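A short worksheet on the structure shown next.
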Amino acid sequence: MVEPLFCNIKRKSTLYRCVSDFFGVCSYFILEQDKMIIIDPGKLEVNTIEWLNRFNNLRKVVYITHEHFDHHYHANKVLSLPQTFLYIPTVSFSQALLDIRKNLSYYYNQIVQTYSKSITDISYLKVLKTPGHSIESYCFLYEDIVFGGDTIINTDYLVLKLPGSSKVNYKQTIKFLNQTIPPDTIVMPGHGNYFFYSNWNL
Ligand SMILES: [Zn+2]
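The sequence shown finishes on residue 203 if you use my numbering, and the numbering steps up by one all the way, no holes.
Here it is, written out as structure tokens:
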């Protein structure tokens, strides 16, 4: 089920969310007048794909917070919609989306590989490189909202023991985020409900 969360009067945009029954991944959709920004197309329900089909006339750009397969499970499906592009921050990121060991799908007896066919490197969001949970972790800023992936996330969901995780890098990332993100920013995490950045207790 896709639910509206916030409206931004200034940008005339609405933020929607759906929560997957597969690892509870949160997918987000920012609907603007002339485009849609999609963050983390995890395993989506059929009715979510149907809902997306309503916006076939809009340009859509897909962002993925990190390489783990649960966050881009249905990216190929979404990318097959008209006028839909994948934002790719680096070449190594697109390689990790294809690598079933790096994206962890191999360890769950699944093969999830997101192909970088229609890509763009022009971003509508401010892109922050935030390694720690994984090598290719990113957070994305939109006005006073940050999409935190598995990086800015409540301790109940924080995992730093996976292949590619690094506690040292995560510590540096926290330092960087504290210097970069205003405290009254709303965090939209990869799992769990949203919260203010100032209320993030690690
Ligand atoms: Zn992850």
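By construction, the Cβ of each residue, glycine as well, lies at the ideal position given by its N, Cα and C atoms. Predicted model only: the values in this text are computed from it and were never measured.
Inter-residue CB distance, residue i and residue j (contact presumed, cutoff 8 Å)
i      : j      : result
Tyr125 : Val62  : 6 Å
Cys140 : Gly133 : The Cβ separation is near 11 Å, so there is no contact.
Leu98  : Thr85  : Not a contact, Cβ separation roughly 15 Å.
Ala76  : Ile65  : 7 Å
Ile146 : Leu53  : Their Cβ separation, rounded to whole angstroms, is 20 Å, which puts Ile146 and Leu53 out of contact at 8 Å.
Ser119 : Leu87  : 7 Å
Leu203 : Ile175 : 7 Å
Tyr74  : Val113 : 6 Å
Glu33  : Ser14  : 4 Å
Rounded straight-line distance, which links the Cα of residue j to that of residue i
i      : j      : result
Asn200 : Leu142 : 17 Å
Thr181 : Thr152 : 14 Å
Cys8   : Ser95  : 32 Å
Lys103 : Glu68  : 7 Å
Val160 : Met37  : 30 Å
Tyr109 : Ile10  : 42 Å
His72  : Ser106 : 11 Å
Lys205 : Asp35  : Past the edges of the chain, shown from 2 to 203, lies residue 205, and the structure says nothing about it.
Ser135 : Phe56  : 32 Å
Arg12  : Phe177 : 27 Å
Ile31  : Leu59  : 12 Å
Ile187 : Leu45  : 24 Å
Thr131 : Glu51  : 33 Å
Thr156 : Phe196 : 13 Å
Tyr210 : Asn179 : Nothing can be reported for residue 210: it is not among the residues displayed for the chain, which extend from 2 to 203.
Lys78  : Phe70  : 14 Å
Asn170 : Leu82  : 36 Å
Gly165 : Val26  : 20 Å
Asp100 : Thr91  : 15 Å
Ile123 : Gln111 : 31 Å
Lys168 : Ile39  : 29 Å
beta-carbon residue i near ligand 1 non-hydrogen atom, thresh 6 Å
i      : result
Asp157 : no
Contacts around residue i, its chain only, beta-carbon distance under 6 Å, and the 5 residues preceding and following it disregarded
i      : result
Ser28  : Cys19, Asp41, Pro42 and Gly43
Pro184 : Tyr198 and Ser199
Leu6   : Leu16 and Arg18
Thr49  : Val3 and Cys19
Lys172 : none
Lys127 : Leu142
Close beta carbons around residue i, own chain, < 7 Å, minus the five adjacent residues each side
i      : result
Ile154 : Pro190, Gly191, His192 and Gly193
Leu80  : Val63, Leu87, Lys118 and Ser119
Glu144 : Asn9 and Arg12
Chain D within 7 Å of residue i, Cβ atoms only
i      : result
Tyr107 : No chain D appears in this structure, which consists of one protein chain only.
Contacting residues, own chain, Cβ-Cβ under 8 Å from residue i (five flanking each side not counted)
i      : result
Thr121 : Val62, Phe86, Leu87, Tyr88 and Ile89
Glu4   : Tyr17, Arg18 and Cys19
Phe23  : Gly43, Lys44, Asp71 and Tyr74
**Prompt:** With distances taken from each beta carbon to the nearest heavy atom of ligand 1, which residues come in below 5 Å, in chain order?
**Reply:** His69 and Asp151
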